[in-house]
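The sequence shown lines up with residues 1443 to 1614 when you count with my numbering.
Worksheet: one structure, shown below.
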Amino acid sequence: LQAGLWAETPGIEGTAGADTYFVSASSAFASRGGTFWKRIESGWTRLPRPPIGTQGLTGVVWQERAVVIDQGAPGQLLVYSDSSGSWETLVQSGPVESLLVSGSALCTADSRQVGCLRNGSWTFAPLPMPPMFYGGPPPTLRDLAGTVAVVAYGSVYRFADEALDPIFTDLP
């Protein structure tokens, strides 16, 4: 899509299509079987393979860069750097169950905590303990008009100032 119109492009090398796309208003990345591409004006360019597995791959575009994590195993949150031409570790972490970009913040959540990287600094807040014998979905991050919301264990929280504040508490 260029200037509001669809234009033919050369596509991705090899088999058409990708397993996963990471897209923002001005950047696009794609992956297929652990191989990554970045969309540039003349088409797609291949990126080096990130040093993580490819099972349960999750990613977003943050500050015009691809950010990926393999959810299948505890690992690293990696960001692709155009300047170095390589994948760099953004943070060592445990399993990340949700990844979100909200404005200029990159946010993660797992079953223990929520964290956001803003202006080069991480802030974290612990999640409440799940109910005993909880078998529902893991915590999920959502952007609510610039507010980072966490849906966890049947409740919704606003993440701000290293704290989680319950929201929508009057809903049945």
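Note that the Cβ used here is the ideal one computed from N, Cα and C, for glycine as well.
Bear in mind that the values here come from a model prediction, so they are computed numbers and not experimental data.
Give the DSSP-derived three-state secondary structure of residue i in the structure shown.
i     : result
V1538 : coil
Q1505 : coil
T1611 : coil
A1470 : strand
G1485 : strand
A1605 : strand
S1678 : Since the first and last residues shown for the chain are 1443 and 1614, residue 1678 lies out of range.
G1456 : Residue placement at G1456 is flagged as unreliable, the pLDDT there being 47, under the threshold of 50; a coordinate-derived value is accordingly withheld.
I1511 : strand
Residue i: beta carbon under 7 Å from a heavy atom of the ligand SAH?
i     : result
P1581 : Among the components modelled here there is no ligand, and therefore nothing to report on the ligand SAH.
My assumption, with CB atoms under 8 Å, is that residue i sits in contact with residue j. Please give the rounded CB distance.
i     : j     : result
G1501 : T1462 : 7 Å
V1590 : S1525 : With a Cβ gap of about 28 Å, V1590 and S1525 do not count as contacting.
L1548 : L1559 : 5 Å
V1503 : A1551 : Incorrect: roughly 18 Å between the Cβ atoms, too far for contact.
Using CA atoms only, rank isn't needed, just tell me which of the options is closest to residue i.
i     : options                    : result
S1553 : L1606, S1484, E1539        : E1539
L1606 : I1494, Q1518, V1556, G1527 : V1556
M1574 : T1589, F1566, Y1595, A1591 : Y1595
S1523 : T1589, W1564, V1543, F1471 : F1471
Could you tell me which whole beta strand (DSSP E) segments of length 3 or greater appear in the region 1546 to 1601?
The region 1546 to 1601 contains, as complete beta strand (DSSP E) runs of 3+ residues, the segments 1547 to 1551, 1555 to 1560, 1563 to 1568, 1582 to 1586, 1589 to 1594 (chain order).
Given 8 Å as the limit, is there contact between the region 1519 to 1529 and the region 1472 to 1491, that is, 3 or more CB pairs closer than that?
Result yes; three or more Cβ-Cβ pairs closer than 8 Å.
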